[in-house]
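Report on one structure; see the data block that follows.
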Amino acid sequence: AQSVTQLDSHVSVSEGTPVLLRCNYSSSYSPSLFWYVQHPNKGLQLLLKYTSAATLVKGINGFEAEFKKSETSFHLTKPSAHMSDAAEYFCVVSDRTGRRALTFGSGTRLQVQP
Amino acid sequence: EAGVTQFPSHSVIEKGQTVTLRCDPISGHDNLYWYRRVMGKEIKFLLHFVKESKQDESGMPNNRFLAERTGGTYSTLKVQPAELEDSGVYFCASSPYLPGGGDTQYFGPGTRLTVL
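Same order as they appear, the protein sequences are chains A and B. Terminal number for the first sequence in my numbering: 851, no gaps in between. Terminal number for the second sequence in my numbering: 131, no gaps in between.
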């Protein structure tokens, strides 16, 4: 069984300050981990993906995430927030055993203040 | 390249009526998935097609939901009869086939279903 916990339902930052969205996962097998973003009235867009290569994964729009097996974490970071980053972010796990269903976290809504 | 498309974008129906949602995956993607987000809850997996075959139906809530993928191209998800608790956003995703899994799923914009 696999699960994902997003530790914050809402995060508010000022424009130009760092962003940290926290995610912990549980998986019986070597997981694939993803971060997706959903802007208002838009579909889910893939930000980045970890599949057991480099533990530091770089994504689009300046986001990156680090896979830490010892901490079972996959936190999403960005050095400097932009107004356009305001959206809902989902941490997602897939266990790569052949069952391909994704398991989603509950989402973190990021607010960026001017 | 066109992304995953879903139709309609919004649907408002009354309890007891029937609604059919459609998903067109990215061309060439054998895998097609349906997910649902009920208000205030996580996005949950419903089912997975490989071409026209149902690979995993473990997330389908009950037998009022029927999914089809005739010819292995587009898919439909029918809810009959609809109940109030079926309200939510229904997402479709597709991905190319990778033997080891871990394939990236590309999502459509979703269909917002409201049952009154």
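Glycine included, each C-beta is placed from N, C-alpha and C at the ideal position. Model, not experiment: these values are computed from the prediction.
- In the DSSP annotation of this structure, the continuous segment of the beta strand (DSSP E) that includes Ile-28(B) starts and ends at 25-28.
- At least 8 angstroms separates the beta-carbon of Lys-93(B) from that of Gly-74(B).
- 8 angstroms or more divides the Cβ of Ala-97(B) from the Cβ of Thr-20(B).
- Spanning the alpha carbons of Glu-752(A) and Val-849(A) requires a straight line of approximately 6 angstroms.
- Distance from Phe-106(B) to Gly-123(B) at the Cβ level is roughly 6 angstroms; contact confirmed, criterion being Cβ atoms closer than 8 angstroms.
- Pairing Ser-740(A) with Ser-763(A) gives a Cβ-Cβ distance under 8 angstroms.
- Beyond the five residues adjoining it in sequence on each side, Asn-761(A) comes within less than 6 angstroms, by CB distance, of Thr-742, Thr-809 and Ser-810 in the same chain, given in chain order.
- Counting along the chain, Phe-80(B) sits inside the beta strand (DSSP E) bounded by residues 80-83.
- Here Glu-98(B) carries a coil assignment [DSSP, helix/strand/coil].
- The shortest C-alpha to C-alpha distance from Asp-71(B) to any of Tyr-48(B), Gln-95(B), Lys-30(B) and Arg-37(B) is the one to Tyr-48(B).
- Residue environment analysis places Lys-779(A) among the exposed positions, since fewer than 16 neighbouring C-beta atoms fall within 10 angstroms of its C-beta.
- Assigned with DSSP and collapsed to three states, Gly-87(B) falls in helix.
- Distance from the CA atom of Leu-99(B) to the CA atom of Gln-782(A), rounded to whole angstroms, is 29 angstroms.
- Counting only the Cα atoms, Leu-785(A) lies some 6 angstroms from Phe-771(A).
- Ser-843(A) sits in coil when the DSSP states are folded into three classes, being neither helix nor strand.
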